[in-house]
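Using numbering that gives the first Met the number 0, you'd call the opening residue of the sequence shown number 0 and step up by one each time.
A quick write-up on the structure given underneath.
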Amino acid sequence: MAAKLAIQQERARKRAERQKVKLERLKRKEQKMRRKLRKSKDALSDCNPLYSNLNCYYHDNDHWKTPPLWHDGKFCYCMNAPNNTYWCLRTINDTHNYLYCEFITGLVTYYDLNIDPYQLRNVAFTLSNSRVAELHHRLEKLRVCVGASQCDDIPDSQRIGEESADLPSGGDLTRHSIMNN
Numbered sequence: 000m001a002a003k004l005a006i007q008q009e010r011a012r013k014r015a016e017r018q019k020v021k022l023e024r025l026k027r028k029e030q031k032m033r034r035k036l037r038k039s040k041d042a043l044s045d046c047n048p049l050y051s052n053l054n055c056y057y058h059d060n061d062h063w064k065t066p067p068l069w070h071d072g073k074f075c076y077c078m079n080a081p082n083n084t085y086w087c088l089r090t091i092n093d094t095h096n097y098l099y100c101e102f103i104t105g106l107v108t109y110y111d112l113n114i115d116p117y118q119l120r121n122v123a124f125t126l127s128n129s130r131v132a133e134l135h136h137r138l139e140k141l142r143v144c145v146g147a148s149q150c151d152d153i154p155d156s157q158r159i160g161e162e163s164a165d166l167p168s169g170g171d172l173t174r175h176s177i178m179n180n
């Protein structure tokens with residue numbers, strides 16, 4: 000009986016020792032995380048003063064790989080839409096080079112990149128209703144397609160209603176890509 004009691008006491012002692020080691024490890028881990036968080040807050044304090052829940056980071060001169068390149072030093076960039084808040088349709092061919100986007104807020108943007116390569120002027124308000132409906136329909140099809148067999152089958156010049164006034168007849172809209180965030 001005394002041997003059994005001694006074994007139980009030894010087990011209890013070892014259990015308490017393991018628990019103590021585990022708690023110490025957990026405390027060290029929490030301290031490390033606090034230090035890391037403090038460092039990251041200090042590093043981004045001037046980058047992200049208002050919105051602590053956004054994913055913010057710096058871009059610098061080395062970030063950009065394609066023109067237009069950035070040469071004015073580092074700047075803060077915050078990604079505030081990691082949850083599919085917009086969808087874009089990009090079309091490039093011999094006659095067209097545009098970007099059409101729809102946001103969940105209802106905002107619609109259209110940029111003719113032949114004229115406005117830096118996307119400074121949203122000209123969506125100049126499009127006819129039938130053209131907007133066509134682009135919306137094409138974007139909806141791309142949003143739900145799966146795989147090349149479905150996504151490559153989007154009609155190139157599908158018209159909704161009358162012939163679109165802002166597209167040449169038989170316009171070749173061959174290359175589409177969808178961007179979403």
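Heads up, the beta-carbon is just placed ideally off N, CA and C, and yes, glycines get one too.
None of the values given here were measured: they were computed from a predicted structure.
Inter-residue Cα distance where the pair is residue i and residue j
| i | j | result |
| --- | --- | --- |
| Ala-132 | Asn-60 | 40 Å |
| Ile-91 | Gln-149 | 20 Å |
| Pro-67 | Leu-88 | 21 Å |
| Arg-14 | Lys-35 | 31 Å |
| Arg-158 | Ser-129 | Per-residue confidence for Arg-158 stands at a pLDDT of 39, beneath the threshold of 50, marking its modelled position as unreliable; the derived number appears in the next sentence. Their Cα atoms are separated by approximately 8 Å. |
| Cys-75 | Trp-69 | 13 Å |
| Asp-93 | Arg-137 | 19 Å |
| Lys-28 | Tyr-57 | 27 Å |
| Leu-98 | Tyr-110 | 5 Å |
| Leu-112 | Asn-96 | 5 Å |
| Trp-86 | Lys-26 | 44 Å |
Beta-bridge pairing of residue i - partner residues as DSSP gives them
| i | result |
| --- | --- |
| Val-107 | Glu-101 |
| His-58 | Phe-74 |
| Asn-96 | Ile-91 |
Run of the alpha helix (DSSP H) containing residue i, from where it starts to where it stops
| i | result |
| --- | --- |
| Leu-138 | 128–143 |
| Gly-72 | Looking at the DSSP string, Gly-72 is not in any alpha helix (DSSP H), and its letter there is neither H nor E. |
| Ala-147 | 146–150 |
Delimiting residues of the beta strand (DSSP E) encompassing residue i
| i | result |
| --- | --- |
| Thr-90 | 85–91 |
Nearest-angstrom Cβ-Cβ length linking residue i and residue j, presumed shorter than 8 Å
| i | j | result |
| --- | --- | --- |
| Ile-114 | Thr-84 | Going by Cβ atoms, the distance from Ile-114 to Thr-84 rounds to 27 Å, so no, they are not a contact pair. |
Check: residue i C-beta below 7 Å from any heavy atom of the ligand HEM
| i | result |
| --- | --- |
| Ala-123 | With respect to the ligand HEM, the structure shown offers nothing to examine, as it has no ligands at all. |
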